[in-house]
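*Asks:* So the protein lines, in turn, are chains P and G. 1106 is the number that this note's numbering gives to position 53 of the first sequence; each next residue is one higher, with no gaps. 140 is the number that this note's numbering gives to position 135 of the second sequence; each next residue is one higher, with no gaps.
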Amino acid sequence: MGLPLVGAFALLAVVGPWLAPYAPTAIDLAHDLEGPSRAHWLGTGDNGVDVLSVLLAGARLAGEVSVAAVLISVTVGVVLGGGAAFVGGRVDGWVARVTDAAQSFPSLIVNMAVLALATRPGVGHLIAALSITGWVGYARVARAEVLRLREREFVTAARALGASGSRVFFRHVLPNATGPLMVQATFGLGATVLAEASLSFLGLGPGASASWGALLDQGTAHLLQTPRLAVCAGVAITATVLGLNLTGDWLRDRLDPREG
Amino acid sequence: MKLAGYLLRRLASGALTVLAVATLCFVTLHALPGDPTDVLLDETAGPEAREALRHALHLDAPIASRYEIFLREAVFSGMGRSWAHPDRSAVAAVLEVWPHTAALAASAMLVAWVIAVPMALLAATRPGTRTDAAVGVASLLGMALPSLWVGPMLVLAFCVALPWLPFPGPDASGPASMVLPSLTLGAGMAGILTRMGRGALREVLREPYVQTARAKGLSEPVVLVKHALRSAMVPLLTVGGSQLSALLGGAVVTERIFDRVGLGSLFLDSLLRRDIPVVMACVVGVAVTVVLVQIAVDLAYAVVDPRIRVSA
């Protein structure tokens, strides 16, 4: 159930913009907020923009932003959390304290602050804002995994054979921590899609590109005349997040039997 | 006496956390490019007016002395005056809207617990049945459905199709106007708590002391509520406490959906107006709330589970 949803989302994010019948920003004032027709399968939104094209462009944006933000967050999280746990001592104590403090503060508020202060927020700003808060979760998982693996026999054996610290970390410890990190990253993709939608909904998304959150914002404004806009955007967001969460559950059952 | 010492230690470390958050936020806000006077003054303002304003707001001072001013104002004058509305202090602006957001978050939390506990009991006592599966699907949906979509759909259902509740807007007030926002914000947390609660209860129900309670001839409701639910509460409280920051973040979105006054809208407006003192006051307000609730959650552990004692 999860994988087909994720597959459909990934496919549409990659090829969608080529399939889109119109540009997501093409204005057609004569056909403002019209119902579905042969020319516009899902109807039109504000200023006669084709809803289907907006949804497809939104999939591309959500895919781009979530994959990039999660990749950056995983890298930073693994280096900070995993590295600190591997080194141990005072460094580890400080990193643990910072991640605890960062986790207790609402990430959406930090994201909002970063985007609101950018004069003209673009896709890059969005990815940066989401990564600033995103690494925390991965740092915690990586730290827990490294602490668990650090004293295992095969790690001691590698050290006894004279392997350098970085070799032990990257070749022996890290590969054994990928399972839980992949599970976390799958849920993280879902959370990032949701966060991107929330930020665009609040009007802080990249103004130039079409997004699901911005479409939902339009839909809320026209809720009484045409609930269609809100329904379309909501179904797209929900299906994607649900698919990623189900895939995360499935991965956890397969890769991480401890938590099952 | 022991409790007083514990509380003092926790409050002191909480104050340090708040100071750290405030400092981090101060550095970020002041390191970012852009001149706040661009937004605060209109385009016709000349360079002298701009320079005068920069001087009045201490923007021309080096960052270290600005930080000193910030700390002094934080202690003595309500974190300084709002730049956009100089007639009131930043803290006053936050305190004015804080009760609205606190009420929303509290009622959302209430909604989540009221939904989650019976659902978890229902599913945990009937493992493998259709009821169990239905609760599982419902909790997963509760977690995946974005509140920014649930909100508008609830409005369509209960304010338009079935006009039982007042249409949202700044004029809507009273308990009836709280129903849909609390449901919207609480649904996700209800899903998480249900899942966790079911798992925790399943584990507790296998414990020998539950068997003993049953063997003593206690009725099933007493066994479930007094013996099983009580120890299942510990992991639930942990999750509930850790969800608080997500709840406060979600409140921003919920306030926007339902066009409500609150910390979220104040924060967003102040950010866009570059009203830095109010932005800082909002951040500090959120941090203080999170710290205080965390302490309350840790105290609640000791109440729920007498095996846990408050200590360092």
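All residues carry an ideal CB built from backbone N, CA and C; glycine is no exception.
Starting from THR1300 (chain P), find everything on chain G with Cβ-Cβ shorter than 9 Å and list it in chain order.
*Replies:* Simply none; closest approach about 12 Å.
*Asks:* With DSSP as the reference, label ASP1145 (chain P) as helix, strand or coil.
*Replies:* It is helical.
*Asks:* At the level of alpha carbons, what is the spacing between THR1293 (chain P) and TRP1147 (chain P)?
*Replies:* Using only the alpha carbons, I get a separation of about 36 Å.
*Asks:* Please list, in chain order, the chain P residues whose beta carbon lies closer than 9 Å to that of ALA251 (chain G).
*Replies:* Those are PRO1159, SER1160 and LEU1161, listed as they occur along chain P.
*Asks:* For chain G, check one thing: does any of its Cβ atoms lie closer than 7 Å to the Cβ of GLY1146 (chain P)?
*Replies:* No, its Cβ sits nowhere closer than 7 Å to a Cβ of chain G.
*Asks:* Mind pulling the chain P residues with CB within less than 8 Å of ARG261 (chain G)?
*Replies:* Under the 8 Å cutoff, chain P gives PHE1254 and LEU1255.
*Asks:* For chain G, is any of its Cβ atoms less than 7 Å away from the one on VAL1118 (chain P)?
*Replies:* Closer than 7 Å: no.
*Asks:* With a cut-off of 7 Å, does the C-beta of ILE1125 (chain P) fall near any C-beta of chain G?
*Replies:* No, ILE1125 (chain P) does not count as interfacial toward chain G.
*Asks:* Run through DSSP, which three-state label would SER247 (chain G) get?
*Replies:* Helix at SER247 (chain G).
*Asks:* Within the 7 Å Cβ cut-off, does GLY1183 (chain P) reach chain G?
*Replies:* Looking at the sequence itself, residue 1183 (chain P) is Leu, so the reference to Gly does not match. Chain G, which has no Cβ nearer than 7 Å to the Cβ of LEU1183 (chain P), makes this no.
*Asks:* In the DSSP assignment, the alpha helix (DSSP H) including THR1209 (chain P) goes from what residue to what residue?
*Replies:* Element bounds for THR1209 (chain P): 1206 to 1213.
*Asks:* Name the chain P residues that come within less than 8 Å of THR22 (chain G), Cβ to Cβ?
*Replies:* Those within 8 Å of THR22 (chain G) in chain P are ALA1154 and SER1157.
*Asks:* Could you tell me which of G:LYS7, G:VAL23 and G:ARG15 sits nearest to VAL293 (chain G), measuring between CA atoms?
*Replies:* Closest by alpha carbon: G:VAL23.
*Asks:* Does the segment 1216 to 1229 of chain P come close enough to the segment 1129 to 1143 of chain P that 3 or more CB-CB pairs lie under 8 Å?
*Replies:* Judged by Cβ distances under 8 Å, the segment 1129 to 1143 of chain P makes contact with the segment 1216 to 1229 of chain P, as three or more pairs qualify.
*Asks:* Give me the subset of the segment 1233 to 1248 of chain P whose CB atoms are less than 8 Å from a CB atom of chain G, sorted by chain position.
*Replies:* Of all residues in the segment 1233 to 1248 of chain P, GLY1243 and LEU1247 have a Cβ within less than 8 Å of some Cβ in chain G.
*Asks:* Taking only runs of the alpha helix (DSSP H) that begin and end inside the segment 1261 to 1301 of chain P, which ones reach a length of at least 4 residues, in chain order?
*Replies:* With a minimum length of 4 residues, the continuous alpha helix (DSSP H) runs that stay inside the segment 1261 to 1301 of chain P are 1265 to 1274.
*Asks:* Return the residue from the list G:LEU29, G:ALA256 and G:VAL266 that minimises the CA-CA distance to ASP2 (chain G).
*Replies:* Since the displayed chain G opens at 6 and closes at 317, residue 2 (chain G) lies outside it and no answer follows.
*Asks:* Under 7 Å between beta-carbons, which chain G residues line up against LEU1095 (chain P)? List them in chain order, please.
*Replies:* Per Cβ cutoff of 7 Å: no residues; LEU1095 (chain P) is ~16 Å from chain G at best.
*Asks:* In terms of alpha-carbon separation, which member of P:LEU1308, P:HIS1275, P:GLY1301 and P:GLY1287 lies closest to LEU1056 (chain P)?
*Replies:* Measuring from the Cα of LEU1056 (chain P), the nearest candidate turns out to be P:GLY1301.
*Asks:* Under 9 Å between beta-carbons, which chain G residues line up against PRO1280 (chain P)? List them in chain order, please.
*Replies:* Simply PRO157, MET158, LEU161 and VAL165.
*Asks:* Contact check, LEU170 (chain G) vs LEU185 (chain G) under 8 Å by CB: the rounded distance?
*Replies:* About 6 Å separates the two Cβ atoms, so the contact holds.
*Asks:* In whole angstroms, what is the alpha-carbon distance linking THR1291 (chain P) and LEU145 (chain G)?
*Replies:* Each residue's Cα considered, the two are about 11 Å apart.
*Asks:* In this structure, how does DSSP classify ARG86 (chain G) when only helix, strand and coil are distinguished?
*Replies:* It is a strand residue.
*Asks:* Within a Cβ cutoff of 6 Å, which residues of the same chain sit near ARG279 (chain G), ignoring the five residues on either side of it in sequence?
*Replies:* Closer than 6 Å at Cβ, skipping near neighbours: PRO41 and VAL44.
*Asks:* Can you pull out the residues from the segment 292 to 303 of chain G whose beta carbon lies closer than 8 Å to at least one beta carbon of chain P?
*Replies:* Residues passing the 8 Å Cβ filter: ALA292, VAL295, VAL296 and GLN299.
*Asks:* Determine, using beta-carbon pairs with one atom in the segment 248 to 258 of chain G and one in the segment 182 to 197 of chain G, whether at least three such pairs fall under 8 Å.
*Replies:* Yes, the segment 248 to 258 of chain G is in contact with the segment 182 to 197 of chain G.
*Asks:* Please confirm if the segment 1258 to 1277 of chain P is in contact with the segment 1103 to 1115 of chain P, defined as three or more CB-CB distances below 8 Å between the two stretches.
*Replies:* Judged by Cβ distances under 8 Å, the segment 1258 to 1277 of chain P makes contact with the segment 1103 to 1115 of chain P, as three or more pairs qualify.
*Asks:* Between which residues of its own chain and VAL1107 (chain P) is the CB-CB distance below 6 Å, once the five residues before and five after are set aside?
*Replies:* Answer for VAL1107 (chain P): PRO1077, ALA1263 and LEU1268, listed in chain order.
*Asks:* Tell me whether ASP92 (chain G) sits in a helix, a strand or coil according to DSSP, three-state version.
*Replies:* Looking at ASP92 (chain G) - three-state DSSP - the assignment turns out to be coil, as it is neither helix nor strand.
*Asks:* Could you tell me the boundaries of the alpha helix (DSSP H) in which ARG1196 (chain P) lies?
*Replies:* Element bounds for ARG1196 (chain P): 1176 to 1203.
*Asks:* Starting from PRO132 (chain G), find everything on chain P with Cβ-Cβ shorter than 9 Å and list it in chain order.
*Replies:* Under the 9 Å cutoff, chain P gives no residues; its nearest Cβ is about 15 Å from PRO132 (chain G).
*Asks:* State yes or no: is the C-beta of LEU1297 (chain P) within less than 7 Å of the C-beta of GLY1232 (chain P)?
*Replies:* In this structure, GLY1232 (chain P) does not lie closer than 7 Å to LEU1297 (chain P) by Cβ.
*Asks:* Could you pull out every residue in the same chain whose Cβ sits closer than 7 Å to the Cβ of SER236 (chain G), ignoring the five residues on either side in sequence?
*Replies:* VAL209 and ASP310.
*Asks:* Could you confirm whether any beta carbon from chain P is found closer than 7 Å to the beta carbon of TRP88 (chain G)?
*Replies:* No, TRP88 (chain G) does not count as interfacial toward chain P.
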